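Student:
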Amino acid sequence: MDFVTKLPKSSQGYDTIWVIVDRLTKSAIFTPIRETDPMDKLARIYLKEVFTRHGIPVSIISDHDPRFASNFWRSLQNALGTRLDMSIAYHPETDG
Numbered sequence: 001m002d003f004v005t006k007l008p009k010s011s012q013g014y015d016t017i018w019v020i021v022d023r024l025t026k027s028a029i030f031t032p033i034r035e036t037d038p039m040d041k042l043a044r045i046y047l048k049e050v051f052t053r054h055g056i057p058v059s060i061i062s063d064h065d066p067r068f069a070s071n072f073w074r075s076l077q078n079a080l081g082t083r084l085d086m087s088i089a090y091h092p093e094t095d096g
């Protein structure tokens, strides 16, 4: 998972794309969001976009974005039994 940020705002106010890649199927989900969206909104989007299509993932790889390192996000992953792995900074090949 990663974010493409600092995009021109859309008519709906979106300025970021949340990229989620399923490494098994090589499929990707591109979700428009606002850079300022709170973590609880991102969690709801995640449940809607990922769980409904793929079920609960075994592991998630993301960069060290504060949104992914938050206590809320870690608690959600622990409750679901998903392993959360952080990639090395500035190494996008390991992000989703």
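The numbers in the sequence shown follow full-length UniProt numbering, run straight up by one, and end at 96. Positions of the beta carbon are idealized from the N, C-alpha and C atoms, including for glycine. Keep in mind that this is a model prediction, so the values were computed, not measured.
Is it buried or exposed for H91, if we count other Cβ within 10 angstroms and need 16 for buried?
Tutor: With a pLDDT of only 49 at H91, under 50, the local geometry of the prediction cannot be trusted, and no value is derived from it.
Student: Going by the C-beta, is D22 closer than 7 Å to any heavy atom of the ligand GDP?
Tutor: With respect to small molecules bound, the structure shown includes none, and the ligand GDP cannot be examined in it.
Student: If I follow the unbroken alpha helix (DSSP H) through I45, where does it start and stop?
Tutor: Looking at the DSSP string, the run of the alpha helix (DSSP H) that includes I45 is M39 to Y46.
Student: What's the C-alpha gap between R74 and R67?
Tutor: The straight-line gap from Cα to Cα measures roughly 10 Å.
Student: Just grab the DSSP bridge partners of T16 for me.
Tutor: Answer is I33, bridged to T16.
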